[in-house]
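A.B. asks: 1 is the number of the first residue of the sequence shown in our numbering; add one for each residue after it.
All C-beta atoms, glycine included, are put in the ideal place defined by N, C-alpha and C.
A quick note: this is a predicted structure, and the numbers were derived from the prediction, not measured.
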Amino acid sequence: MVAAPFEYRGNELYCEGVSLARIAAEVGTPVYVYSKAELERAYRAFDAALDGIPHRVCYAVKANSSLGVLSVLAKLGAGADIVSAGELFRWQKAGGDPAKVVFSGVGKTPGEMRAALAAGIAWFNVESVEELHVLDAVARGEGLRARCALRVNPDVDPETHPYISTGLKTNKFGISMAEARALATTAKTMTGVELVGVDFHIGSQLTKTSPFTDAIARLVELVQDLQRDGVKLHHVDIGGGLGIDYGKADTAAPPSPAEYGVAVRAALAPLAALGVELVTEPGRVIVGQAGALVTRVLYRKRNEAKHFTIIDGAMNDLMRPALYNSYHPIKPVVDPHRPTITTDVVGPVCETGDFIARDRELPELAADELVWIGAAGAYGATMSSNYNTRPRAPEVLVDGDRYTVIRARETLEHLIAGERLA
Ligand code: LLP
Numbered sequence: 001m002v003a004a005p006f007e008y009r010g011n012e013l014y015c016e017g018v019s020l021a022r023i024a025a026e027v028g029t030p031v032y033v034y035s036k037a038e039l040e041r042a043y044r045a046f047d048a049a050l051d052g053i054p055h056r057v058c059y060a061v062k063a064n065s066s067l068g069v070l071s072v073l074a075k076l077g078a079g080a081d082i083v084s085a086g087e088l089f090r091w092q093k094a095g096g097d098p099a100k101v102v103f104s105g106v107g108k109t110p111g112e113m114r115a116a117l118a119a120g121i122a123w124f125n126v127e128s129v130e131e132l133h134v135l136d137a138v139a140r141g142e143g144l145r146a147r148c149a150l151r152v153n154p155d156v157d158p159e160t161h162p163y164i165s166t167g168l169k170t171n172k173f174g175i176s177m178a179e180a181r182a183l184a185t186t187a188k189t190m191t192g193v194e195l196v197g198v199d200f201h202i203g204s205q206l207t208k209t210s211p212f213t214d215a216i217a218r219l220v221e222l223v224q225d226l227q228r229d230g231v232k233l234h235h236v237d238i239g240g241g242l243g244i245d246y247g248k249a250d251t252a253a254p255p256s257p258a259e260y261g262v263a264v265r266a267a268l269a270p271l272a273a274l275g276v277e278l279v280t281e282p283g284r285v286i287v288g289q290a291g292a293l294v295t296r297v298l299y300r301k302r303n304e305a306k307h308f309t310i311i312d313g314a315m316n317d318l319m320r321p322a323l324y325n326s327y328h329p330i331k332p333v334v335d336p337h338r339p340t341i342t343t344d345v346v347g348p349v350c351e352t353g354d355f356i357a358r359d360r361e362l363p364e365l366a367a368d369e370l371v372w373i374g375a376a377g378a379y380g381a382t383m384s385s386n387y388n389t390r391p392r393a394p395e396v397l398v399d400g401d402r403y404t405v406i407r408a409r410e411t412l413e414h415l416i417a418g419e420r421l422a
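Right, here's the structure in full:
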């Protein structure tokens with residue numbers, strides 16, 4: 001059994017061998033803290049779950065794009081799933097191999113396509129007929145042929161939060177199954193593109209394997225149809241989306257990577273003879289449990305209706321609760337065993353939506369004490385903002401009993417750089 005990334009030692013919460021109280025004292029709060037060992041464990045576990053199938057893991061950079069995090073994954077041999085030229089820039093700055101990059105997203109600009117072609121990425125996941133034509137023209141303009149996959153929309157309900165469901169026909173993502181077959185034939189006639197795969201990504205924080213296997217079944221049919229049309233593919237890409245356990249009491253834990261691997265393997269069996277590679281784009285399952293946001297209590301108050309615990313971390317630091325009403329585990333950094341109360345954990349931002357937890361039963365927190373907000377490694381720092389002119393939190397990567405500040409706290413001067421008086 002591998003040690004959990006955040007565990008109490010005696011009375012105090014540690015990340016690996018470093019006490020969170022020490023990091024908070026030295027770096028300040030709010031601060032994101034990541035466990036390097038957990039990043040490595042999660043990546044290896046996901047990769048190992050697909051053992052026996054020729055596959056590649058393209059980590060979804062949007063989940064956490066800090067250079068210090070990307071570099072850990074790049075060193076393990078990960079590829080990257082990017083959705084902007086900015087993410088490509090980060091991946092390369094972190095030492096990531098551009099040849100292992102797949103470029104997803106519904107709105108790639110011609111400039112981004114040129115940057116990706118110049119970097120020599122693996123291929124583009126094309127999401128519309130118009131995009132395919134633009135990619136063809138851009139590549140021809142550069143005297144190149146762009147490898148591409150068609151992202152289809154399998155119209156499968158991922159049974160997740162509507163804002164992070166992407167594989168329904170009411171969502172903006174992908175090409176309809178009906179259109180994809182014809183478009184593949186069109187692509188064959190284009191000299192600026194080479195069709196190498198088909199792809200889907202149906203949503204995020206999936207907590208069952210059935211949406212994946214239903215979507216794979218539809219993809220298998222498409223690949224077989226294309227085979228009959230004389231279109232031979234190099235790979236199928238089943239996106240990311242595997243959920244993590246946020247520790248909410250009344251919610252079933254999502255399948256493990258191993259269970260996911262078993263389901264995926266079975267669903268892909270009909271393609272085994274065709275020799276197509278499997279590509280995956282996991283984000284959350286790689287970085288989610290590796291990270292926490294460590295904050296400090298500022299004030300408490302009680303009115304006729306409620307008790308509030310006001311902390312120094314806010315929706316600008318961790319937007320997920322405000323945006324998706326999502327649940328993150330919360331613990332005191334020191335002394336977890338004491339009487340509980342029901343409280344709303346809220347930040348200093350001037351919005352009622354600025355909450356980290358509502359009506360949460362927690363050990364009664366005192367002013368000035370440290371609070372751990374867990375499972376925040378994915379879509380935490382990357383979705384943070386400067387709203388209310390709050391500098392973004394620093395990020396710390398722990399490795400055994402040492403840590404590195406992989407991103408310094410922003411200063412007020414950073415925030416106004418680039419601004420000027422009219
Ligand atoms: N591939 C594509 C094309 C994607 O759009 C995404 C995520 C992924 C892979 C990775 O999905 P994952 O394995 O992380 O579920 N901000 C939301 C999640 C948005 C996901 C967007 N796309 C959240 O905080 O829950």
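(1) Could you compute how far the alpha carbon of Leu-135 sits from the alpha carbon of Gly-288?
(2) Decide if Gly-203 is buried, meaning its Cβ has at least 16 other Cβ atoms within 10 Å, or exposed.
(3) Could you name the residues that DSSP lists as bridge partners for Tyr-14?
(4) Can we count Arg-284 as close to ligand 1, meaning its CB is less than 7 angstroms from some heavy atom?
(5) By Cβ distance below 8 angstroms, which residues in the same chain neighbour Leu-144 in space, the five residues on each side in sequence not counted?
(6) Is the beta carbon of Gly-239 within less than 7 angstroms of some heavy atom of ligand 1?
(7) Hey, out of Ser-128, Ala-25 and Asp-368, whose CA is closest to Asn-171's CA?
(8) Excluding the 5 residues flanking Leu-132 on each side, which residues of the same chain have their C-beta closer than 6 angstroms to its C-beta?
(9) Measure how close the beta-carbons of Leu-206 and Gly-243 come, nearest whole angstrom, since I'm counting them as under 8 angstroms.
(10) Checking 8 angstroms against the spacing of the C-beta atoms, do Met-315 and Gly-283 come in under that value?
(11) Who are the near neighbours of Arg-407 in its chain, counting only those whose CB is closer than 6 angstroms to its CB and skipping five residues on each side?
(12) Are Val-437 and Leu-39 closer than 8 angstroms when you measure CB to CB?
(13) Which word fits Asn-325, buried or exposed, when buried means at least 16 other C-beta atoms lie within 10 angstroms of its C-beta?
(14) Give, in chain order, every unbroken run of the alpha helix (DSSP H) that is at least 4 residues long and sits entirely within the stretch 245-325.
(15) Which same chain residues, not among the five before or five after Pro-339, have their C-beta less than 8 angstroms away from its C-beta?
(16) Leaving out the 5 sequence neighbours to the left and right, which residues in its chain are closer than 8 angstroms to Pro-391 when beta-carbon positions are compared?
(17) Comparing the CB of Arg-320 with every heavy atom of ligand 1, is any distance shorter than 7 angstroms?
(18) Can you tell me whether DSSP reads Ala-80 as helix, strand or coil?
(19) Could you tell me which of Gly-380, Ile-373, Ser-385 and Met-319 sits nearest to Asp-354, measuring between CA atoms?
(20) For Asn-386, is the classification buried or exposed, using 16 other Cβ atoms within 10 angstroms of its Cβ as the cut-off for buried?
(21) Rounded to the nearest angstrom, what separates Lys-75 and Val-102 at their Cα positions?
(22) Just to confirm the assignment, what range does the beta strand (DSSP E) spanning Leu-397 have?
(23) In angstroms, rounded to a whole number, what distance separates the CA positions of Ile-121 and Gly-247?
(24) So, using beta-carbon positions, are Asp-229 and Ala-273 closer together than 8 angstroms?
(25) Looking at ligand 1, does it come within less than 7 angstroms of Thr-309, judged from the CB to the closest heavy atom?
(26) Leaving aside the five residues before and after Phe-212 along the sequence, list all residues of the same chain whose C-beta is less than 6 angstroms from its C-beta, in chain order.
(27) Take Pro-270 and list the residues in its own chain whose beta-carbon comes closer than 7 angstroms to its own, dropping the five residues that flank it on each side.
(28) Taking DSSP as the reference, what is the three-state secondary structure of Ala-122?
(29) Measuring CA to CA, which of Asn-153, Pro-110, His-161 and Thr-160 is closest to Arg-140?
(30) With a cut-off of 8 angstroms on the beta carbons, I'd call Ala-37 and Glu-16 a contact; round off their distance for me.
(31) For Ser-210, report the span of its beta strand (DSSP E) as first-last.
(32) Relative to the C-alpha of Asp-47, which candidate in Ala-78, Ala-63, Leu-70 and Val-31 has its C-alpha closest?
(33) First and last residue of the beta strand (DSSP E) that includes Ser-35?
(34) Determine the closest residue to Thr-186 out of Ile-164, Phe-124 and Leu-150, with distance taken between C-alpha atoms.
(35) Considering only the alpha carbon of each residue, which of Pro-154, Lys-306, Leu-88 and Gly-68 lies closest to Thr-404?
C.D. replies: Once the coordinates are examined:
(1) 33 angstroms
(2) buried
(3) Glu-7 and Ser-19
(4) yes
(5) Leu-117 and Gly-192
(6) yes
(7) Ser-128
(8) Val-126
(9) 5 angstroms
(10) no
(11) Ser-66, Pro-394 and Glu-395
(12) As shown, the chain starts at 1 and ends at 422. That puts residue 437 outside it, with no answer to give.
(13) exposed
(14) 257-268, 284-287 and 320-324
(15) Pro-363 and Glu-364
(16) Arg-409, Glu-410, Thr-411, Leu-412, His-414 and Leu-415
(17) yes
(18) strand
(19) Met-319
(20) exposed
(21) 18 angstroms
(22) 395-399
(23) 37 angstroms
(24) no
(25) no
(26) none
(27) Val-220
(28) coil
(29) Pro-110
(30) 6 angstroms
(31) Taken as a continuous stretch (DSSP letters only), Ser-210 belongs to no beta strand (DSSP E), being part of the alpha helix (DSSP H) at 210-228.
(32) Ala-78
(33) 31-35
(34) Leu-150
(35) Gly-68
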